[in-house]
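Contents: one structure, followed by commentary.
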Amino acid sequence: MKKIIYLFILTTIVSCGSSDNFTLQGNIKGLKKGTVYLMKFQDTLLVTLDSVVVDGDPNFTLHTNLEEPEMLFVKLDKKNNTDNYVEFFASEGVSTLNSTLKNFIYDAEVTGSEQQKLYGEYKNMLSEYENKNLELTEQHLMAQIKKDTVALDSLQGAFDKYLKSKYRYSLNYAATHGGSEVAPYIALAEMPNATIKVLDTLYFLGTKNQGIQIWKTLKRRNHEKKSRIKKARTRVRVFLHYSENYIGKHQLKNLIQFIDLVYKCSAFGFQLILNAFKVSFLVFGSLIVYFLNQFIKNSYCFINDCFALFSVFTWV
Numbered sequence: 000m001k002k003i004i005y006l007f008i009l010t011t012i013v014s015c016g017s018s019d020n021f022t023l024q025g026n027i028k029g030l031k032k033g034t035v036y037l038m039k040f041q042d043t044l045l046v047t048l049d050s051v052v053v054d055g056d057p058n059f060t061l062h063t064n065l066e067e068p069e070m071l072f073v074k075l076d077k078k079n080n081t082d083n084y085v086e087f088f089a090s091e092g093v094s095t096l097n098s099t100l101k102n103f104i105y106d107a108e109v110t111g112s113e114q115q116k117l118y119g120e121y122k123n124m125l126s127e128y129e130n131k132n133l134e135l136t137e138q139h140l141m142a143q144i145k146k147d148t149v150a151l152d153s154l155q156g157a158f159d160k161y162l163k164s165k166y167r168y169s170l171n172y173a174a175t176h177g178g179s180e181v182a183p184y185i186a187l188a189e190m191p192n193a194t195i196k197v198l199d200t201l202y203f204l205g206t207k208n209q210g211i212q213i214w215k216t217l218k219r220r221n222h223e224k225k226s227r228i229k230k231a232r233t234r235v236r237v238f239l240h241y242s243e244n245y246i247g248k249h250q251l252k253n254l255i256q257f258i259d260l261v262y263k264c265s266a267f268g269f270q271l272i273l274n275a276f277k278v279s280f281l282v283f284g285s286l287i288v289y290f291l292n293q294f295i296k297n298s299y300c301f302i303n304d305c306f307a308l309f310s311v312f313t314w315v
């Protein structure tokens with residue numbers, strides 16, 4: 000009877016300890032001493048899921064329980080006040096991390112999940128864009144030193160073209176893999192200025208996975224953007240309504256058409272125009288106050304002079 004009870008307790012302990020469904024097997028070449036952490040974002044903070052102290056052996060194993068595929072981070076604390084983070088997509092099963100102590104971030108190779116495979120392909124291509132960015136930045140600095148305005152104008156055009164190309168690549172990659180958790184992550188991390196239409200399209204492509212947290216985050220981001228635009232547009236409309244009595248309906252008609260055009264071109268067009276109106280009225284108001292002060296000051300001096308002249312003639 001006692002053996003049965005012990006066996007039951009042992010089985011319970013084993014089953015409780017085996018709740019972790021994700022394992023990361025790692026090797027950091029050259030690491031003798033340090034601490035490796037497995038982390039994830041919870042709200043806006045990085046929280047530790049598991050950790051291991053490395054003392055001589057560069058191999059380590061980390062565990063956690065995943066309810067769904069998500070982005071995790073491996074942090075290396077090398078006891079020199081320098082923290083290094085490697086991000087990767089994790090899902091149920093086993094993933095491997097291989098890197099070096101000297102270049103922990105740049106030499107890191109993570110394999111395991113299908114999401115990580117797709118994300119790795121995306122990051123590899125993105126690194127070419129980053130190299131182009133560095134090249135343009137160096138050229139821009141040299142042009143500034145030489146005060147070459149022609150080169151600066153040309154580089155500005157090249158930089159704009161680079162940003163558009165990078166955005167298109169991110170958008171196409173996310174749309175091509177719309178059924179994967181990689182798509183909403185790219186939209187959230189790499190496309191902060193994406194339009195509502197783009198976010199709606201990406202969310203629609205992930206219909207089968209919309210119960211997963213990262214898709215919920217994408218939906219919430221899109222809802223917040225729609226709400227901001229609606230509030231900005233309402234504020235401008237109210238402003239125009241009250242301005243109608245001052246500048247007339249005819250002038251407002253062209254102004255409204257212009258604002259509508261800006262709104263179609265930019266999600267934050269109305270907010271920008273509203274800010275411009277605010278600045279204009281502040282400047283205009285300041286000028287009015289200044290000229291009124293000058294007028295009152297000059298009028299006061301003129302009146303004093305008249306009284307003085309009148310006093311002289313009266314005295315004479």
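Residues 0 to 315 in numbering that gives the first Met the number 0 are what the sequence shown lists, from first letter to last.
Ideal Cβ placement from N, Cα and C applies to all residues, glycine included.
Buried or exposed, going by whether 16 or more other CB atoms sit within 10 Å of the CB of residue i?
i       : result
Lys-165 : buried
Asp-19  : exposed
Val-109 : buried
Pro-68  : buried
Glu-86  : buried
Ser-112 : buried
Gly-156 : exposed
Ser-126 : exposed
Leu-6   : Confidence at Leu-6 is low in this model, with a pLDDT of 43, below 50, so the placement of that residue is unreliable and no value is reported for it.
Would you grab the beta carbon distance between residue i and residue j for me? Rounded to a whole angstrom, and I think it's under 8 angstroms.
i       : j       : result
Val-46  : Phe-59  : About 19 angstroms separates the two Cβ atoms, so there is no contact after all.
Gln-114 : Glu-180 : 5 angstroms
Leu-65  : Glu-91  : 6 angstroms
His-62  : Thr-34  : In fact, because the Cβ distance is near 16 angstroms, the residues do not count as touching under 8 angstroms.
Val-197 : Leu-170 : 6 angstroms
Check whether the Cβ atoms of residue i and residue j sit closer than 9 angstroms, and answer yes or no.
i       : j       : result
Lys-39  : Leu-48  : yes
Tyr-172 : Phe-88  : no
Lys-74  : Tyr-84  : yes
Leu-154 : Leu-133 : no
Ser-98  : Asp-106 : yes
Gly-177 : Leu-140 : no
Gly-55  : Lys-28  : no
Tyr-128 : Tyr-161 : yes
Phe-72  : Leu-37  : yes
Gln-41  : Leu-96  : no
Phe-182 : Ala-193 : The amino acid occupying residue 182 in the given sequence is Ala; Phe does not appear at that position. Taking 9 angstroms as the Cβ cut-off, Ala-182 and Ala-193 do not qualify as a contacting pair.
Pro-57  : Asn-102 : no
Which partner residues does residue i have in the DSSP bridge list?
i       : result
Phe-87  : Leu-71
Glu-108 : Asn-97
Gly-92  : Phe-21
For chain D, is any of its Cβ atoms less than 9 angstroms away from the one on residue i?
i      : result
Pro-57 : Note that chain D does not occur in the displayed structure, where there is just one protein chain.
Whole beta strand (DSSP E) elements within the region 22-71, 3-residue minimum: Listed in chain order, the complete beta strand (DSSP E) runs (minimum 3 residues) inside the region 22-71 are 32-41, 44-54 and 58-63.
So within the region 147-188, which uninterrupted alpha helix (DSSP H) runs reach at least 4 residues, ignoring any that extend past its ends? Inside the region 147-188, DSSP marks whole alpha helix (DSSP H) runs of 4 or more residues at positions 148-175, from first to last along the chain.
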